[in-house]
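Everything on this sheet refers to the single structure shown next.
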Ligand code: NOJ
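In this note's numbering, the protein residues as written are 38 to 560.
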């Protein structure tokens, strides 16, 4: 294969950008963003310095979980557009040297998927074995103690057949049975279908799920403090996180790398320990990229972040690439969660995210310092959290993008009801921030530009440097980064070299780094 070096590992040092399509740009005035809306703003993403986009689910779906309940893996959701729209998006992105990743949901389908419809209507059909069925427990109840993401039992009785089916999420999201080779074949075909159309890779939903324990053993209680892996007090050691899933990723990596420009697999690897995270890379023959939830959920302190970064990099197999991200459609946005709405902290977060060695994944609005939006109870569209009785829905991080200062933010027509409410127009928009040289958006663009110049196609080195308490200093590639995670000024041990970029005017005064300020200097 004569793929140029820069193409063969194009995600190294790259910036990906997650677009929650429904909330990005509505071009047909139905209140939902759509694929043509993504195409309409490719110039913006190119201006920002993005190398690729990950589109949240685009496949047909009854939307019980906003596309994470797929009813056809080889189509496009009519509300978002057509296959032709997606082809055009991919082509137009390509003209701007940008790649397009889709979201793949292999852990479960929608109950409206023809496979499941047939599995229920005809228990003798081959599609019955596409799903996980089990007889009731002796008392007639669910076969074991597994819990769904709502906290309810992960099993629903199919009265006609007298068997339960498994669903780790909503009852309308039946889990697939990965012990069945036909499921593997179906997904191999799905991968090739999209890769052949020019899709550059997939974000893989619930990558830690797939296989379930063959004996359906009860999940044990979660150890104290298990923040990431625990589910309503249970550790998901049998209902998910099974070792057999690694074989699936080895197969998929071979498919992904059989293309002249390799396709990339980015796992939603929701695991709590970094050994388990590293294991998803196999020997450099499984997922190329993995979301790092211990990093995402780390406290926003120099000590905690530097520790998780050092350990993450240490544990990755040689030649594999780390992923740094801080927001997504399931959690509170980082300018709220890490920043508490203080823009200095959001800027510092961006500076650090953009300079850590690996792949950066931004979430739409991160570049604006967009914070969570309080979505009133009656407007909540997130069923999963509503059913779990959660105080906060995931909708707070899914509200429309703000393109301009108008009341609709330029997301849709004036008379149209958006699918989720707008945030506060006073918090700024793309148009306003593009015009303001000192805006967080312009900082983000400068950071991505520097990142591209310094890191494109590379796995930069990383070494922590001595720093006063509350300051995180590190050398990466040819850069020195110093970031002050405290409310007071901090005096650096030595003056850094020439400063290339900082979180804002006056960030560094001689050797004194202002509170919540950061600088990037030549090492
Ligand atoms: C993770 C997705 O990010 C989330 O939005 C979804 O509800 C679950 N997986 C189930 O697919």
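In this text, a Cβ means the ideal position worked out from N, Cα and C, and glycines have one as well.
For clarity, every value in this text was computed on a predicted model and none was experimentally measured.
By Cβ distance below 6 Å, which residues in the same chain neighbour residue i in space, the five residues on each side in sequence not counted?
i: residue 424; result: 187
i: residue 553; result: 381, 382 and 385
i: residue 378; result: 408
i: residue 142; result: 105, 107 and 242
i: residue 616; result: Coverage of the chain is limited to positions 38 through 560, which leaves residue 616 absent and any answer about it impossible.
i: residue 342; result: 335
i: residue 447; result: 440 and 441
i: residue 162; result: 155
DSSP beta-bridge partners for residue i?
i: residue 239; result: 139 and 302
i: residue 200; result: 195
i: residue 507; result: Per DSSP, none; premise fails for residue 507.
i: residue 398; result: 53 and 362
i: residue 150; result: Beta-bridge pairing links residue 150 to no other residue.
i: residue 517; result: 512 and 558
i: residue 258; result: 271
i: residue 145; result: 212
Are there any heavy atoms of the ligand NOJ lying less than 7 Å away from the beta-carbon of residue i, as far as the coordinates show?
i: residue 366; result: yes
i: residue 421; result: yes
i: residue 102; result: yes
i: residue 328; result: no
i: residue 71; result: no
i: residue 305; result: yes
i: residue 105; result: yes
i: residue 242; result: yes
i: residue 285; result: no
i: residue 206; result: yes
i: residue 142; result: yes
Could you spell out the range, first to last residue, of the beta strand (DSSP E) harbouring residue i?
i: residue 416; result: Here residue 416 belongs to no beta strand (DSSP E), and DSSP marks it neither H nor E.
i: residue 55; result: 52–56
i: residue 555; result: 555–559
i: residue 343; result: It is not in any beta strand (DSSP E) - residue 343 instead sits in the alpha helix (DSSP H) that spans 339–352.
i: residue 466; result: No beta strand (DSSP E) contains residue 466, which DSSP labels as neither H nor E.
i: residue 324; result: Run containing residue 324: none; DSSP gives neither H nor E here.
i: residue 539; result: 536–539
i: residue 92; result: 89–92
Over the uninterrupted alpha helix (DSSP H) stretch that includes residue i, give me the two end residues.
i: residue 126; result: 120–132
i: residue 489; result: 477–492
i: residue 501; result: Careful: residue 501 lies outside any alpha helix (DSSP H), inside the beta strand (DSSP E) at 500–502.
i: residue 383; result: 380–392
i: residue 293; result: 282–293
i: residue 219; result: 218–233
i: residue 74; result: 72–77
i: residue 315; result: 311–316
i: residue 374; result: 371–374
Quick one: what's got a C-beta closer than 7 Å to residue i's C-beta in the same chain, skipping five residues either side?
i: residue 98; result: 104, 106, 107, 108, 114 and 147
i: residue 38; result: In this prediction, residue 38 has a pLDDT of 43, which is less than 50 and means its spatial position is unreliable; nothing more can be read from the coordinates.
i: residue 331; result: 265, 309, 311 and 345
i: residue 52; result: 86, 87, 88, 397, 399, 485 and 488
i: residue 83; result: 133 and 135
i: residue 534; result: 517, 558, 559 and 560
i: residue 164; result: 152, 155 and 156
i: residue 318; result: 324, 327, 353, 354 and 357
i: residue 149; result: 99 and 108
i: residue 365; result: 55 and 400
i: residue 511; result: 499, 500, 501, 502 and 518
i: residue 421; result: 102, 186, 187, 206 and 207
i: residue 419; result: 430, 431 and 432
In chain order, what residues of the same chain have a beta carbon less than 8 Å from the beta carbon of residue i, not counting five sequence neighbours either side?
i: residue 205; result: 144, 145, 183, 185, 186, 191, 212, 243, 246, 276 and 277
i: residue 459; result: 410, 436, 437, 439, 444, 445, 446 and 448
i: residue 555; result: 384, 385, 388, 389, 518, 519, 520, 521, 539, 540 and 544
i: residue 201; result: 170, 171, 172, 173, 179, 180, 192, 193, 194 and 195
Please indicate yes or no: does the CB of residue i lie closer than 7 Å to some heavy atom of the ligand MG?
i: residue 517; result: The model depicted lacks the ligand MG and carries the ligand NOJ instead.
Contact the region 515–530 vs the region 114–123: 3+ CB pairs below 8 Å
The region 114–123 and the region 515–530 do not touch, with fewer than three beta-carbon pairs separated by less than 8 Å.
Three-pair Cβ contact test at 8 Å for the region 438–456 versus the region 476–495
No: the two stretches stay apart, fewer than three of their Cβ pairs being nearer than 8 Å.
For the region 214–221 and the region 178–192, state whether three or more C-beta atom pairs, one from each stretch, are separated by less than 8 Å.
At 8 Å Cβ cutoff, the stretches do not touch.
So, do the region 315–329 and the region 350–361 have three or more beta carbon pairs nearer to each other than 8 Å?
The region 315–329 is in contact with the region 350–361.
Below 8 Å, can you find three or more Cβ-Cβ pairs linking the region 388–403 to the region 490–507?
As far as the Cβ criterion goes, the region 388–403 touches the region 490–507, which means the pair count is three or higher.
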